[in-house]
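Here is the structure we will look at, set down as C-alpha cells.
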C-alpha cells in the first residue's frame with residue numbers, strides 16, 4: 472500500500488516535471504545549428520546567467536517579445552551561460568520558479584575563446600549579450616549590454632521577415 | 497587674415513572639445529603604458545604601483561566580493577599571488593563596483609572578505625571607479641598583467657585567468673600563468689588577450 476502511494480506520488484511529480492520547462496544542454500555546434508537555420512525565422516538569442524543581475528532584470532523584456540511575436544516568424548532563445556554543474560540546482564529551478572515560457576538552453580562551453588569569434592567577434596564576454604539574426608537573409612544585430620524597454624521590438628520590427 | 501585666424505582657432509577648439517568628449521572607451525590595450533594610481537587598501541593605507549621598487553611587474557585583478565564568477569576564481573587569484581609574488585609579479589586586486597548598487601561590495605565587506613580569505617595581497621577600493629574606467633575593465637574577474645619598464649608599466653596581457661571558469665584544474669589554458677612565465681623568461685607573450693566571462697562591473701548611476 473505504502474509503495475502504491477509512493478508510486479502514485481512519483482508519477483504525479485513526474486507528470487508535473489514533464490510539463491514544466493526543460494533546459495537542454497548544448498555544445499556550440501548545436502547552438503549554431505539552432506540559430507543559423509536557413510529559413511525565414513528571425514532568431515532573438517539572449518546570453519544570460521542566473522548570477523548576472525542585469526540579465527535577470529531584462530528577461531521579462533524577452534518574455535514579452537516572445538508573446539508579442541508569437542504568431543510571427545520570430546523565435547526567442549535564452550542561452551544560459553551558467554556552469555553545467557548548476558543545471559539542476561540553479562538553472563532549472565530558476566526557469567520554473569519564474570515560469571519562463573521562452574526556450575532556454577544551457578551552453579556548456581566554458582572556454583569562450585574557442586567559439587565567440589565564430590558567433591560574435593565584437594563580444595567581450597560580458598553578460599548580458601543579445602544577438603538578433605537571420606542567416607538566410609544575412610541580417611544581424613549585436614547588443615552588448617542590457618536592452619532598453621522597446622529596443623527589442625524596434626529591432627525585431629526592422630529585421631523580421 | 498584675422499578672419500582666417502579666428503576660424504582656425506574655432507576649428508582647433510572644436511577639435512579639442514571633440515577629442516576630450518571622446519576618450520578611448522575601451523581603455524588600455526596590450527602594449528599600452530598605464531598610468532599609476534593611488535587607491536585605498538583594506539588596511540586603510542593608500543597603495544600605488546610605484547610603492548614596490550623591486551617588482552618586475554604586477555598581476556592586476558579587477559574582482560569583487562559578490563560575483564559568483566569572481567568567487568569561483570578567488571582561490572586561483574590567491575594561488576597566482578603565491579606562485580608569482582616571490583618571482584616579482586605580485587597580485588594587486590581592485591574592487592570597483594558601486595557599493596550603492598552592490599552593498600556586498602562595500603569597503604567594510606571588502607575588509608571582511610580579505611581577512612576571512614587571508615588575502616596576502618592588497619585589495620583596493622576603486623570608489624570613484626576611475627581606475628576601472630581607465631583600464632577599460634568591464635567585468636569581474638578581469639585581469640591585466642603589466643610589466644615594469646624603468647618607471648613605467650606596460651600592459652602585457654588582458655583578459656581571463658584561464659579557460660574554464662567552473663574548474664581551474666580542468667582548464668587547458670592558464671592564460672595569466674602562461675603570460676607571466678613567458679615574461680619572466682624574457683619571451684613574448686603567446687596569448688596576450690583572452691575573453692573573460694564574468695559579472696559586469698556595477699557602474700554608478702550617471
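Residue numbers (the working numbering), protein chains in the order written: chain A, 472 to 632; chain B, 497 to 702. Think of the CB as a built atom: it goes at the ideal place given N, C-alpha and C, for glycine as much as any other residue.
- Closest option to residue 584 (chain B), judged by alpha-carbon separation, among B:697, B:572, B:608, B:548: B:548.
- In the structure shown, the three-state DSSP call for residue 559 (chain A) is helix.
- Residue burial is scored here from C-beta neighbours: residue 643 (chain B) has at least 16 other C-beta atoms within 10 angstroms and is therefore classed as buried.
- Under DSSP, the beta-bridge partners assigned to residue 542 (chain B) are B:536.
- Between residue 556 (chain A) and chain B, the shortest Cβ-Cβ separation is below 8 Å.
- Scanning A:506, A:531, A:587 for the CA closest to the CA of residue 617 (chain A) turns up A:531.
- Here residue 645 (chain B) is bridged, per DSSP, to B:648.
- The C-beta distance from residue 662 (chain B) to residue 564 (chain A) rounds to 18 Å, too long to fall under 8 Å, and the pair is not in contact.
- 659, 660, 661, 662: these are the residues of the stretch 649-679 of chain B whose beta carbon lies less than 7 Å from some beta carbon of chain A, given in chain order.
- If you look at residue 620 (chain B), you'll find it in the beta strand (DSSP E) that goes 619-621.
- Between residue 587 (chain A) and chain B, the shortest Cβ-Cβ separation is below 8 Å.
- When DSSP assignments are scanned along the stretch 561-599 of chain A, the uninterrupted stretches of alpha helix (DSSP H) that are 4 or more residues long and fall wholly within it turn out to be 563-568, 587-590.
- Within the same chain, 594, 596, 597, 625 come within 8 Å of residue 700 (chain B) by CB-CB distance, once the 5 residues on both sides are set aside.
- Bridge pairing for residue 517 (chain A): A:549, A:601 [DSSP].
- At a cut-off of 8 Å between beta-carbon atoms, residue 694 (chain B) makes contact with chain A.
- Relative to the Cα of residue 622 (chain A), the nearest Cα in the group A:536, A:569, A:508, A:567 belongs to A:536.
- Rounded to whole angstroms, the gap between the alpha carbons of residue 668 (chain B) and residue 584 (chain A) is 12 Å.
- A distance below 7 Å between beta-carbons, with the five flanking residues on each side excluded, links residue 694 (chain B) to the following residues of its chain, in chain order: 563, 565, 566, 635, 636, 637, 638.
- Burial check for residue 568 (chain A): the Cβ neighbour count within 10 Å stays below 16, so the residue is exposed.
- DSSP, read as helix, strand or coil, puts residue 589 (chain B) in strand.
- Within 7 Å of the CB of residue 564 (chain B), the CB atoms of chain A belong to 522, in sequence order along the chain.
- DSSP, read as helix, strand or coil, puts residue 695 (chain B) in strand.
- Listed in chain order, the positions of the stretch 622-644 of chain B with a beta carbon within less than 7 Å of a beta carbon of chain A are 634, 635.
- Against residue 690 (chain B), the close residues of chain A are 584, in the order they occur along the chain (beta-carbon pairs closer than 7 Å).
- The continuous alpha helix (DSSP H) containing residue 569 (chain B) extends over residues 564-580.
- For residue 572 (chain A), no chain B residue has a Cβ inside 9 Å of its Cβ, as the nearest lies near 26 Å away.
- Shown here for residue 624 (chain A): same chain residues with a beta carbon closer than 8 Å to its own, the five before and five after excluded, namely 536, 539 in chain order.
- In the assembly as shown, residue 529 (chain A) is a buried residue. Its beta-carbon has 16 or more other beta-carbons within 10 Å.
- Exclusion of the five residues before and after residue 658 (chain B) leaves 572, 664, 667, 669, 670, 671, 672, 673 as the residues of its chain whose Cβ lies within less than 8 Å of its Cβ.
- For residue 553 (chain B), the three-state secondary structure derived from DSSP is strand.
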